[in-house]
Structures are given as C-alpha cells and as structure tokens.
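Protein chains in written order, with the numbering used here: chain P, 20 to 511; chain F, 26 to 507.
C-beta: ideal position from N, C-alpha, C; glycine also.
Read through the structure below, which is laid out as structure tokens, and then see the notes.
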C-alpha cells in the first residue's frame with residue numbers, strides 16, 4: 020500500500036508536528052520546524068499527484084476497517100490537486116513569513132502561532148484526503164478553529180472583532196453542514212461518500228434528503244464566502260496577520276469550493292441535484308457576486324480590502340463554472356481554483372511586502388511607492404494582469420474555459436458578465452497602480468526601501484508560476500480534465 | 026523571424042542594464058534597431074519566394090498553440106515597423122536629449138519591448154497569438170504614454186488603457202471565443218475558417234465585434250484613446266501612434282478579414298454592407314474634427330484616425346484592389362505620418378510651440394522641418410510624386426470595382442479635407458508673418474539627428490512613388506496573388 024502512504028502522511032505529519040512546535044522555545048526554531056514540515060508535505064503532495072494523475076483512485080482504510088464502516092481516505096486527481104495547492108501555498112507562505120511574523124506576533128506567542136498554522140493546514144489537507152463526510156466535518160472544524168485563533172493574533176484591535184465575526188459565521192456554517200450530514204445519515208445510515216452516492220440514488224425524492232442537501236449547500240456556501248454570505252471575509256483578510264491572510268486567501272475558500280464540488284457531484288446523486296434549483300442559484304449568485312464584489316472593490320480605500328472583495332468576485336467565477344455542471348464548466352472551476360490561489364497569494368504577498376516596509380496598506384499611504392520598490396510593484400502588476408485574465412498568464416486560461424462553457428450553453432448574458440468582471444478588475448487594479456505610481460507621497464514620509472530578499476524571492480517564484488501556468492497548462496488542465504471525468508463519471 | 030521578435034525584448038534588458046551610460050545605451054538601441062531592420066530585409070526574399078516559416082512557442086490550450094508564422098501581410102507590416110524603428114531611434118536621441126527628458130532608460134527599454142510586441146502581432150500564426158501580442162503591446166505602451174508623469178499624462182494613460190482594454194476584452198475576446206466555438210480553430214487560413222461554419226445572418230454581428238473590438242483601429246466611437254495618447258513624448262507618438270500601435274490595429278482587421286472570414290464569405294454574407302459606412306463616417310468625421318484642432322499633435326491624431334479607416338475601408342471592400350490599397354495604405358501612411366510627427370516634435374524641441382496658430386513665419390527659421398512637413402502632407406493627401414498616391418489610387422479602384430460610388434466620393438472629399446487641414450500649416454509657416462509681429466530671431470533648427478530622421482522619411486515618401494514594387498508585390502500576395 021505504498022501508494023496510499025502519502026495520503027496518510029499528509030494528514031499525520033502536520034498533526035503530530037503541531038504540538039511539538041508549540042513546545043519549542045521562541046525564536047527561529049518553530050519557524051524552521053514548520054518550514055521543514057510544509058516542504059515535506061509539498062513533496063508528498065507532488066508524489067501523490069503523480070500517482071493519481073492517470074485517473075486512478077487510491078483508497079486507504081484507516082485502522083484496517085473496510086469502508087463503509089471505517090473511515091476511508093480516498094484520493095483521486097481532484098483531491099491530489101487540492102492537496103497540492105494547500106501544501107504548495109503553505110510552503111511558499113512559510114518561506115516568506117519569517118520576517119513578517121517576527122514583527123507582528125509577540126515573541127512568546129510565536130511557537131503557538133506556528134502550531135496553529137500547522138493545524139490549520141492539517142485540517143485543510145485532511146479535508147482534501149478524506150472520503151468520509153463526518154471526518155470532513157471534523158477536519159473543517161480543526162482548520163476553522165485554528166484559523167480563528169490565527170486571525171485574532173493580528174496586530175490591530177479590529178482583528179479580534181474580525182475573528183469573532185468569522186467565528187460566529189463559520190460556526191453557523193459548520194452547524195448547517197453538520198445538520199445536513201446528520202439528516203442524510205439518518206436516511207442512509209452511512210457516512211462514506213461513495214456509499215452515500217449509491218444509497219441516496221434510491222432515496223432522491225425524500226424530503227429529508229432534500230433538506231439535508233439544502234443545509235449542506237448553505238453551510239458550505241458560508242465557508243466559501245458565496246455572495247451574499249461573504250460578509251465575514253473582508254475584515255478577516257484585512258486584519259489577520261500577513262502570513263495568515265496570504266494562506267487563507269489562497270486556500271480557505273478554495274477548499275470550500277472543493278467541498279461543494281464533492282457534495283454536489285459525488286455525495287448527492289445527479290437525479291437529486293437535477294430536481295433542485297442548485298444550478299440556477301449558483302448561476303445567479305455567482306453572476307451577482309462577480310459584479311457586486313468587483314464594483315465594491317473599486318471603492319475600497321485599503322489595498323487588502325480591495326483584494327478581499329476581488330476574491331469574493333473570483334469565487335463568483337468558480338460558482339458559475341459549477342452551475343453549468345458541464346465538463347467545460349467544471350474544468351474552468353478547478354483550473355481557476357488553482358490559478359486563483361496562485362495569483363491571490365502573489366498579490367497578498369506583494370501587498371504584505373509593502374506593509375512590511377510602509378506599515379500600512381491604505382492606498383494613500385502607498386503613494387509613490389512604485390519608484391522605491393520596483394520589484395514588488397512589478398510583481399503586483401504581473402499578478403494583477405493574471406487576475407484580469409490577460410493572455411500569457413494563468414488567469415487567461417481559466418477565463419477562457421469559463422467563457423467557452425458559457426458560450427457552449429449559448430449563455431450570452433453570463434459571457435458578458437464574465438467579461439465585465441475582467442474589466443472591473445482592470446478598474447480596481449488601476450487604482451492600486453495609480454496610487455503607487457502617480458500619487459505624490461506625503462511630504463514628511465521616509466521613502467521606503469525595496470522589500471527584503473526573503474520576501475521578494477517567494478513573491479517572484481509565484482509571479483513566474485503565474486506566467487508559466489499561462490503558457491504550459493499540462494499540470495492544471497490535464498489534471499482538471501481527469502478530475503472532471505471522475506467527478507461526473509461517479510455521479511451518473 | 027525569431028530574432029526579430031526576441032532581439033528587441035533582449036535589447037530592453039540590455040538597455041535597462043546600461044542605463045547608467047547614456048551613450049552606450051543609445052548605441053545599443055541603434056545597433057539593435059538596425060540589425061532588426063536587416064533581419065526584416067533578409068526575410069523578405071524568402072517570403073516572396075513563398076517560404077513558410079513557423080515556430081511554435083508553447084501550447085497553453087489544446088489545439089491552440091502560441092504560433093509564429095510569416096506570410097506576406099505580416100511581412101509587409103514587419104518591414105514597415107522594422108525600417109522605421111532605427112530612424113525613430115535616431116530621432117529620439119536628438120529629441121530626448123534636446124528636451125532634457127527624465128527616465129530615458131525606461132523610455133528606450135519600453136520602446137524596444139513595444140517593438141518586440143509589434144513584431145509579435147505581425148508574425149502571429151493564429152488569432153490567439155495575435156491577441157496575446159496585441160494585449161502586450163497595449164500594456165507595454167501605457168508607461169510610454171504616461172511618461173511625463175503629469176496629471177495630464179495620467180489622464181491620457183487612463184483613457185488609453187481604459188478604451189483599449191475595454192474594447193479588446195469586452196468585444197475582441199468575445200469575438201475570438203465565438204469564432205473558436207463555431208469554427209473549432211483559430212488558425213489563419215487563406216479563404217477563411219468561418220465559411221460554412223457560421224450562419225451568414227450572424228456574420229455581420231461577429232464582424233462588427235471584431236471591427237469595433239480592435240480598438241487600435243480607432244473606428245469611431247472608439248477613437249478617443251488616440252488623441253489622449255498624444256501626451257506621450259513625440260517619438261512615441263511618431264512610431265507607436267502613427268506606425269506600430271495603430272497599424273497593429275488595422276493590420277489585425279485586414280488579417281481577420283482575409284484569413285478568418287475570407288473575402289468570399291464576407292461578400293456572400295453581406296457582413297460588411299453596413300459596417301463599411303462606419304469606416305466611411307470615421308474618415309469624414311475625423312477629418313472634420315481635425316480641422317477644428319489648433320494643437321498640432323491633436324490635429325495629426327485626428328488625421329491618423331481618418332487615415333486608419335482607409336485601411337479598414339479597403340479591407341471591407343473585399344475586392345482585390347481594395348485589399349491591395351489597404352495594405353499599401355499601411356505602408357504609405359506610416360512613412361508620411363511619421364514625417365509629420367517628427368516635424369511636430371522638432372518644432373516643439375526648437376521653439377516649445379504646440380499650437381498651429383503660433384507657427385506662422387517659423388518656416389524661414391526652420392526650413393528643413395517645414396519642408397519635410399510639406400512633403401509628408403502631400404503624401405498623406407495622395408498627390409504625386411509621393412507614395413501616398415498609390416494607396417489612394419488602389420482604394421479608389423477598389424470602390425469602383427465594388428460599385429460603391431458614394432464611397433469613392435467620400436475618399437475624394439476626404440482628400441480635399443486633408444488639403445484644407447494640412448497644407449495651411451507649412452504654407453503659413455513659410456509665407457505668413459508671426460501673428461504678434463515678433464521677430465523670430467534666435468530660433469534654430471532642431472538637433473541634427475532629428476533633421477536627419479525627417480529627411481530620411483520624407484525621401485522615403487518620394488522613393489515609394491517611384492519604387493512601390495517591393496510592397497506592392499507583397500500586397501498582391503496577400504489575397505493569393507490573383
């Protein structure tokens with residue numbers, strides 16, 4: 020069972036390392052430990068993806084109990100891709116994070132910070148590996164609880180409110196999910212995803228199952244900040260410590276998108292989903308999210324808030340892809356999950372570098388910084404172009420597939436919404452560029468120095484990745500195609 | 026071909042590194058520009074012989090590679106841009122130094138990048154590649170437009186970026202996607218890829234999306250970016266907004282007409298029947314607006330808008346002389362208009378005057394500049410013995426062959442308007458006295474390198490009348506050499 024071992028190790032290693040990290044003396048050691056763990060996880064994730072890239076499925080029975088009685092880790096191309104995103108972003112964030120964490124977190128809390136970070140990552144990795152819905156809920160709570168703690172460590176006092184707001188909303192979401200899982204468990208007596216799919220096929224017209232489905236969709240919708248359930252997100256991204264913002268912005272909502280895909284396409288049978296207005300709801304909310312959040316982003320006075328609203332808009336694109344339920348649409352969603360993680364991580368890291376040097380991400384404080392921090396500025400421009408979807412960048416690939424999916428359905432209106440979203444992205448990014456290039460800085464401010472190398476190198480690795488995955492899409496598109504084949508194949 | 030694309034991009038890096046030594050930096054710019062021009066000339070006989078060179082750079086989407094390939098129309102465009110780059114570099118050295126501009130390294134580096142993107146557009150082997158370089162060209166020229174960093178430059182850059190990106194993402198990309206989802210390919214093929222795939226009733230709409238989506242062609246009402254971009258330094262206006270950027274737009278229109286729709290399909294479906302009037306209206310309206318502008322560069326900008334629509338008109342006539350005329354217009358207008366912009370920049374450097382009404386009497390102090398301006402004007406108008414005549418000639422033939430008498434009248438009337446807004450400038454400069462009666466002493470010609478550049482391009486206008494053949498043959502080859 021050598022193929023299954025990365026799956027188990029991915030979950031076990033960070034989980035075991037977290038308490039050890041918490042006990043380490045404050046200083047560089049906890050960071051070093053976390054760094055090693057995250058890079059190990061990345062290596063495991065790459066290995067795992069290579070195993071399942073051909074469309075095979077790896078199953079691991081926890082404790083030797085055969086499914087559906089025991090917990091099963093079930094990994095196909097989609098799981099492996101999500102795990103790769105999580106581990107990859109975690110590794111690169113950690114490489115970048117040392118200086119910002121040393122500045123933002125009180126010295127005695129640093130080991131705890133890294134321990135919570137590991138737990139958060141572990142929860143997300145667990146979600147990506149498990150084939151059991153209750154186990155999924157447990158991992159979701161692990162990652163959520165640790166992220167509440169991480170957010171509340173932010174320097175500003177608003178971080179506490181943000182964390183509290185997220186705690187309330189997140190708990191409501193998790194509760195809804197749990198109620199939903201409870202309802203379908205009551206109907207079927209199983210928690211295994213594949214088993215649920217088989218059993219629910221006969222029960223698809225039951226009112227209880229429908230109620231369970233509704234609870235689950237709304238619960239996950241809260242977690243993925245689906246418009247209009249997004250209210251917690253801007254404050255979280257704005258006030259959390261830098262490294263946490265980068266990590267959560269790139270992974271947290273993506274993992275929720277993954278849960279949504281699994282629930283809608285694997286757990287619940289197609290016959291049930293077809294009875295519900297799920298597609299229409301996702302379509303309307305997705306389109307509304309793209310437009311509303313992108314317009315709202317234009318009016319934000321703070322770069323981090325601006326990007327947070329942009330994230331909500333980007334989630335709208337992913338929902339649009341899900342709403343079509345076609346191969347093209349789902350490919351678009353999965354590719355965009357990957358690409359958006361890349362570009363948002365780059366943008367938030369670059370903004371983080373600005374904050375590190377300038378002390379604020381308010382647009383008026385960033386005035387004129389492009390001249391003094393040209394490398395950071397260029398990174399923002401290139402990642403921004405990727406966000407807009409300019410050809411030659413990763414963002415173009417996902418936009419292309421999404422637009423093709425819309426045109427395939429002759430859905431002209433949605434195609435126009437997607438294009439309008441791109442143009443709105445130009446508008447809000449121009450505000451950032453405008454502030455950094457053309458505005459004159461206040462007279463009494465010291466010109467900032469270029470960001471330290473330990474930040475610039477990870478930023479530019481991601482920038483190059485943005486360009487690379489815009490030109491060579493074998494990893495993203497091929498994996499997504501395989502994943503979609505398994506996803507829709509399993510549902511029918 | 027590859028060297029033409031990547032030499033400029035590499036040069037940009039070199040220029041950026043050599044920023045501390047201006048002489049070295051400018052030498053490098055000239056050397057690269059000259060060698061690119063040499064590459065273009067060396068490539069010419071191969072293309073004439075019918076050789077097809079294709080290079081695949083990457084394949085981001087299955088079946089949609091980033092592909093470079095050279096064909097007659099692309100060769101024609103690349104030749105124009107390649108030949109005019111060294112001249113412009115020569116000019117900008119004098120201009121930038123004479124004008125004591127800031128950030129010259131950034132200027133030269135981005136200039137080289139923009140040229141690289143232009144060659145990318147010229148050699149694009151399919152529509153996706155064309156779109157890629159088209160967008161990169163927009164983005165790389167924005168900092169050049171905003172070069173001065175003043176609030177006016179910032180506003181100009183915002184209009185420039187806003188209109189070009191809105192049209193290209195909102196309309197052009199949509200048109201490309203529709204093309205791809207109906208035809209299943211984006212390759213450029215002789216005879217087009219849409220015939221038999223697309224319902225002719227929709228062809229007009231798709232064609233409109235392309236024509237208006239290619240904002241660089243400046244068809245009204247998407248022309249506002251061009252006057253806005255005139256805040257850029259004059260060499261930028263000269264090369265980018267008389268040659269590279271705007272010509273990339275009309276070049277794309279020609280290319281899509283011939284290789285995506287195919288002339289036969291356009292005639293059969295009547296796609297261009299009413300769109301051609303958008304081009305006709307732009308020709309006249311822009312000429313009329315040009316007459317009202319007192320700022321020299323603004324007047325030239327509107328003149329460019331008008332002249333660009335000649336190319337679009339030629340494409341939409343879909344007759345053989347129309348296509349030839351459109352292709353020749355790319356060449357002739359480039360050489361003539363760059364001369365006019367050079368002159369405008371020379372006047373600015375030497376006298377700091379931008380308004381036409383202040384230029385009366387300047388001709389006696391700056392005979393070479395205004396002489397060049399005179400020659401450029403005559404070529405734009407289309408009078409012999411200057412190259413501009415040939416493109417007007419073939420466009421006129423095209424309208425006659427298509428039986429569009431009204432459009433012929435539009436062309437002729439527009440030529441009259443050209444006379445009315447261009448010729449008074451040199452005439453008054455030579456023969457009228459300055460308005461306020463001040464003696465124009467102490468005004469000398471612009472730096473030598475500026476004068477040399479102007480003389481070269483105006484001689485080229487003359488030469489193109491007698492020897493249009495290299496370009497004419499290429500233009501003939503575009504539509505299969507019928």
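8 Å Cβ shell around residue i - same chain, five flanking residues per side excluded
i: residue 426(P); result: 434
i: residue 494(P); result: 488
i: residue 438(F); result: 309
Same chain, Cβ closer than 7 Å to residue i, neighbours up to 5 away in sequence not counted
i: residue 507(F); result: Summary for residue 507(F): the model assigns pLDDT 40, below 50, so the residue's position carries little reliability; its value from the coordinates is reported in the next sentence. Same-chain partners within the cutoff: 345.
i: residue 70(F); result: none
i: residue 204(P); result: 210
i: residue 426(F); result: 344 and 346
i: residue 484(P); result: 361
i: residue 114(F); result: 54, 55 and 58
Contacting residues, own chain, Cβ-Cβ under 6 Å from residue i (five flanking each side not counted)
i: residue 510(P); result: Because residue 510(P) carries a pLDDT of 42, less than 50, the predicted location of this residue cannot be relied on, and no value is offered for it.
i: residue 316(P); result: 325, 328, 329 and 447
i: residue 92(F); result: 81, 150, 151 and 154
i: residue 163(P); result: 189
i: residue 301(P); result: 338, 341 and 342
i: residue 32(F); result: 57 and 61
i: residue 389(P); result: 396, 455 and 456
i: residue 415(F); result: 353 and 493
Neighbouring residues, chain P, relative to residue i (Cβ below 9 Å)
i: residue 94(F); result: Simply none; closest approach about 18 Å.
i: residue 183(F); result: 449 and 453
i: residue 174(F); result: 456 and 457
i: residue 179(F); result: 453, 456 and 457
Within chain F, the residues that residue i reaches when beta carbons sit closer than 7 Å
i: residue 427(P); result: 206
i: residue 434(P); result: 199
i: residue 422(P); result: 202
i: residue 445(P); result: 190
i: residue 266(P); result: Under the 7 Å cutoff, chain F gives no residues; its nearest Cβ is about 28 Å from residue 266(P).
Residues that residue i contacts on chain P, provided the C-beta gap is smaller than 7 Å
i: residue 203(F); result: 426
i: residue 195(F); result: 438 and 442
i: residue 424(F); result: Ordered by position in chain P, no residue passes the 7 Å Cβ test against residue 424(F), which lies about 35 Å from the chain.
i: residue 209(F); result: Here the premise fails: no neighbours, minimum Cβ distance about 11 Å.
8 Å Cβ cut-off: residues of chain F touching residue i
i: residue 1(P); result: One cannot answer for residue 1(P) here, as it falls past the ends of chain P, which runs 20 to 511.
Under 8 Å by beta carbon: chain P residues contacting residue i
i: residue 231(F); result: By Cβ distance, chain P contributes nothing, its closest Cβ being about 12 Å from residue 231(F), past 8 Å.
i: residue 156(F); result: 410
Contacts of residue i in chain F (Cβ-Cβ under 9 Å)
i: residue 416(P); result: 85 and 86
Practice task
Say whether the region 322-337 of chain P touches the region 427-446 of chain P, bearing in mind that this needs 3 or more beta-carbon pairs closer than 8 Å, one atom from each stretch.
Solution key: yes
Practice task
Decide if the region 218-232 of chain P is in contact with the region 247-266 of chain P; the criterion is three or more beta carbon pairs, one per stretch, under 8 Å apart.
Solution key: no
Practice task
Kindly provide the ranges of any alpha helix (DSSP H) runs that are 4 or more residues long and lie completely inside the region 265-308 of chain P, ordered along the chain.
Solution key: 289-294
Practice task
Could you tell me whether the region 236-243 of chain P touches the region 307-323 of chain P, using the rule of 3 or more Cβ pairs below 8 Å?
Solution key: no
Practice task
Please list the segments of the alpha helix (DSSP H) lying wholly inside the region 75-159 of chain P, counting only runs of 4 or more residues, in order along the chain.
Solution key: 96-123 and 129-148
Exercise for the section: Check each residue of the region 267-281 of chain F: if its Cβ is closer than 9 Å to any Cβ of chain P, include it; give the result in chain order. Expected result: none
Problem - the region 413-426 of chain P touching the region 373-393 of chain P, judged by at least three CB pairs closer than 8 Å - result: no
Exercise for the section: Jot down the residue ranges of each uninterrupted alpha helix (DSSP H) in the region 378-421 of chain P, minimum 4 residues, whole runs only, in chain order. Expected result: 388-391 and 393-407
Exercise for the section: Below 8 Å between beta carbons is the criterion; list the residues of the region 484-501 of chain P that meet it against any residue of chain F, in chain order. Expected result: Those residues of the region 484-501 of chain P that come within reach of chain F (Cβ to Cβ, closer than 8 Å) are 489, 490, 491, 492 and 496.
Practice task
Would you list, in chain order, the members of the region 240-255 of chain F that have their beta-carbon closer than 8 Å to a beta-carbon of chain P?
Solution key: none
Exercise for the section: Specify whether the region 227-235 of chain F and the region 278-294 of chain F touch according to this definition: at least 3 beta carbon pairs, one from each stretch, less than 8 Å apart. Expected result: yes
Problem - Contiguous beta strand (DSSP E) assignments of at least 3 residues, all confined to the region 324-409 of chain F - result: For the region 324-409 of chain F, not a single whole beta strand (DSSP E) run of length 3 or above is found.
Exercise for the section: State whether the region 95-107 of chain P contacts the region 55-62 of chain P, with contact taken as three or more CB pairs (one from each stretch) at a distance under 8 Å. Expected result: With a cut-off of 8 Å, the region 55-62 of chain P and the region 95-107 of chain P count as touching, because enough Cβ pairs lie within range.
Practice task
Could you run through the region 127-161 of chain F and flag, in chain order, every residue whose CB is less than 8 Å away from some CB of chain P?
Solution key: 153, 156, 157, 160 and 161
Handout entry: Inter-stretch contact (C-beta, 8 Å, three-pair minimum) for the region 494-506 of chain P and the region 399-411 of chain P
Key = no
Problem - Stretch-stretch touch, CB-based, cutoff 8 Å, three pairs: the region 44-59 of chain P with the region 126-144 of chain P - result: yes
Exercise for the section: Could you run through the region 357-373 of chain P and flag, in chain order, every residue whose CB is less than 8 Å away from some CB of chain F? Expected result: none
Problem - Whole runs of the alpha helix (DSSP H) within the region 316-371 of chain P, excluding any shorter than 4 residues - result: For the region 316-371 of chain P, whole alpha helix (DSSP H) runs of length 4 or above, ordered along the chain, are 322-343.
Problem - Entirely enclosed alpha helix (DSSP H) segments - the region 205-242 of chain F, minimum 4 residues - result: Listed in chain order, the complete alpha helix (DSSP H) runs (minimum 4 residues) inside the region 205-242 of chain F are 225-238.
Exercise for the section: Would you mind listing the alpha helix (DSSP H) stretches within the region 430-478 of chain P that are 4+ residues and don't spill past its ends, in chain order? Expected result: With a minimum length of 4 residues, the continuous alpha helix (DSSP H) runs that stay inside the region 430-478 of chain P are 431-456.
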